[in-house]
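>
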Ligand code: AR6
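Numbering (this note's numbering), first residue to last: 1 to 179.
(1) Taking only three categories from DSSP, how would you classify residue 21?
(2) At which residue ranges does the segment 18-75 contain complete beta strand (DSSP E) runs of 3 or more residues, listed in the order of the chain?
(3) May I ask you to check if the CB of residue 61 is nearer than 6 angstroms to at least one heavy atom of the ligand AR6?
(4) What three-state label does DSSP hand residue 169 in the structure shown?
(5) Please determine, among 122, 143, 41, 152, the residue with the shortest C-alpha to C-alpha distance to residue 68.
(6) Helix, strand or coil for residue 157, going by three-state DSSP, please let me know.
(7) Taking the beta strand (DSSP E) that residue 117 belongs to, which residues open and close that run?
(8) Just how far apart, CA to CA, sit residue 3 and residue 155?
(9) Could you pull the start and end residues of the beta strand (DSSP E) that residue 7 belongs to?
(10) With respect to 6 angstroms, is the separation between the Cβ of residue 160 and the closest non-hydrogen atom of the ligand AR6 below this value?
(11) Please confirm whether any heavy atom of the ligand AR6 lies closer than 6 angstroms to the CB of residue 117.
(12) Locate the alpha helix (DSSP H) running through residue 112, then write down its first and last residues.
(13) Taking the alpha helix (DSSP H) that residue 131 belongs to, which residues open and close that run?
(14) Are there three or more Cβ pairs, one per stretch, closer than 8 angstroms when the segment 8-28 is compared with the segment 157-171?
(15) Whole angstroms are fine: how far does the CA of residue 135 sit from the CA of residue 90?
(16) So does residue 203 have its beta carbon nearer than 6 angstroms to some heavy atom of the ligand AR6?
(17) Using 8 angstroms for Cβ pairs, my map puts residue 80 next to residue 63. What's the rounded Cβ distance?
(18) Measuring CB atoms only, is the segment 114-124 touching the segment 16-33, in the sense that at least three cross pairs come out at less than 8 angstroms?
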């Protein structure tokens, strides 16, 4: 069975098959974890993103694509786009955030990437409440792993800020996970 792990730190330093990027639909880089990934991986990532955008125009919210990880220890980057939080549409927010996690995992399976590190998608600039986002992230990942027990070895939640780390620690410590 795959394991779920929790670490506090910088996703660009993770030795995994794939790190997930909380990008925007343009895939042209930005701040937060997106800026950190492009900086750590170097220009090869933006080059690959430009080629993808030339073909698809933009990456819709909830979808995911794979590029090189450039100079990072990871083999690949899975770019996904979380929702910009809108409190008047909570169901739509949950669905879009769940799609971002699920489609990232689907891309991992499609590219035979067996260890995947996720940042806390949408909980920075995009304003998704951290506790609710963590519940969506954990339940979506857990469901996916139950359905694909032989295709993924590890999902690692990489929390950069103390708030998210504490929330994930509380939610995950009641589960059979490797903390
Ligand atoms: N490693 C892991 N997590 C990080 C790192 C890092 N190096 N740096 C920040 N975080 P955000 P979003 C965490 O704003 O809310 C960008 O400009 C951070 O603590 O990066 O999905 C894109 O281009 C937070 O918990 O992403 C988009 O325009 C989490 O990453 C937009 O921001 C997500 O925060 C996407 O917004």
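Here a beta-carbon is modelled for each residue, glycine too, at the ideal position from N, C-alpha and C.
Inspection of the coordinates gives the following:
(1) strand
(2) 18-23, 64-68
(3) no
(4) helix
(5) 41
(6) strand
(7) 115-118
(8) 6 angstroms
(9) 3-8
(10) yes
(11) no
(12) Run containing residue 112: none; DSSP gives neither H nor E here.
(13) 130-147
(14) yes
(15) 13 angstroms
(16) For residue 203 there is no data in the structure shown, the boundaries of the chain being 1 and 179.
(17) 7 angstroms
(18) yes
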